[in-house]
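Visitor: Add 459 to a position in the sequence shown, counting from 1, and you land on the number used in the working numbering. One structure is given below, represented as structure tokens, and several questions about it will come after.
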Amino acid sequence: MKYLILLTVLLSGCSKYPLQTNLDKDNFTEYFSISGVEYYAADALQNYQIEQLGLVEGESCQTTSNLPPAEEQQAKISAKRKAAALNANGIIIRSCIAPPASKACLSSYVCYGDAINVSPLNRSNDDS
């Protein structure tokens, strides 16, 4: 019982100190924003209504030799993040290229795509 009282006093003494972390709600929001954006192939959208929101570009760049090489998938994710910033729910990746090495990037990939909003076609019922 004596230890329980001592523990309670010690823990309650710490309660006046605010909890501070390096976690930021905005970082979580930005990181998970791409979860609502799907990849689409242009030929798979015949049964959908499409609204084009804009062109997006994503890049993956290896800036120093001790970092991993640039990856096409990272460039696609970067483009997807930009589509999410336009409030898109879909993206069509049009092309990805691997430009030659430069002073800025030892290796790189750049992907281009269309940020889109996809919704089902409105089918009217003519049998009424």
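Even glycine gets a Cβ: it sits at the ideal position worked out from N, Cα and C. These numbers come from a predicted model, not from an experiment.
Mind reading off the beta-carbon distance from Ser561 to Ser519? Whole number of angstroms is fine, and I expect it under 8 Å.
Guide: Counted from its first residue, the sequence shown places residue 561 at position 102. Counted from its first residue, the sequence shown places residue 519 at position 60. Ser561 to Ser519, Cβ: 14 Å. No contact.
Visitor: Rounded to whole angstroms, what's the CA-CA distance from Lys535 to Gly549? Just pull it up for me.
Guide: Taking the sequence shown and counting its residues from 1, one reaches residue 535 at position 76. Taking the sequence shown and counting its residues from 1, one reaches residue 549 at position 90. Roughly 12 Å between the two C-alpha positions.
Visitor: What's the C-alpha gap between Gln532 and Val569?
Guide: As a first step, residue 532 must be located in the sequence shown, where it is residue number 73. As a first step, residue 569 must be located in the sequence shown, where it is residue number 110. One C-alpha to the other measures close to 10 Å.
Visitor: Using the Cα positions of Pro559 and Ser578, report the straight-line distance between them to the nearest angstrom.
Guide: Here residue 559 refers to the residue found at position 100 of the sequence shown. Here residue 578 refers to the residue found at position 119 of the sequence shown. Computed Cα separation, rounded: 39 Å.
Visitor: Expressed to the nearest angstrom, what Euclidean distance is found between the alpha-carbon atoms of Gln521 and Ala529?
Guide: Residue numbering aside, residue 521 sits at position 62 when the sequence shown is read from its first letter. Residue numbering aside, residue 529 sits at position 70 when the sequence shown is read from its first letter. Distance between the alpha carbons of Gln521 and Ala529: 5 Å.
Visitor: Hey, could you find the ends of the beta strand (DSSP E) Glu531 is sitting in?
Guide: Translated into positions along the sequence shown, residue 531 becomes position 72. Run containing Glu531: none in the beta strand (DSSP E); it sits in the alpha helix (DSSP H), 531 to 544.
Visitor: Under three-state DSSP, which class holds Ser561?
Guide: The sequence position of residue 561 within the sequence shown is 102, counting from 1. Here Ser561 sits in coil by DSSP.
Visitor: Nearest to Gly513 by alpha carbon, out of Cys555, Ala563, Asn546, Asn525?
Guide: Position 54 of the sequence shown holds residue 513. When only C-alpha atoms are compared, the closest one is Asn546.
Visitor: Are Ser494 and Arg540 close, meaning C-beta to C-beta below 8 Å?
Guide: Working through the sequence shown from its first residue, we reach residue 494 at position 35. Working through the sequence shown from its first residue, we reach residue 540 at position 81. Result no, Cβ atoms of Ser494 and Arg540 do not sit closer than 8 Å.
Visitor: Roughly how many angstroms separate the alpha carbons of Ala500 and Asn525, rounded to a whole number?
Guide: Along the sequence shown, read from residue 1 onward, the residue named residue 500 stands at position 41. Along the sequence shown, read from residue 1 onward, the residue named residue 525 stands at position 66. Approximately 35 Å between the Cα atoms of the pair.
Visitor: Buried or exposed, going by whether 16 or more other CB atoms sit within 10 Å of the CB of Ala542?
Guide: Here the question's residue 542 lines up with position 83 in the sequence shown. Classification for Ala542: buried.
Visitor: Could you tell me the distance, in whole angstroms, from the CA atom of Ala544 to the CA atom of Tyr507?
Guide: Taking the sequence shown and counting its residues from 1, one reaches residue 544 at position 85. Taking the sequence shown and counting its residues from 1, one reaches residue 507 at position 48. Approximately 22 Å, taken between the alpha carbons.
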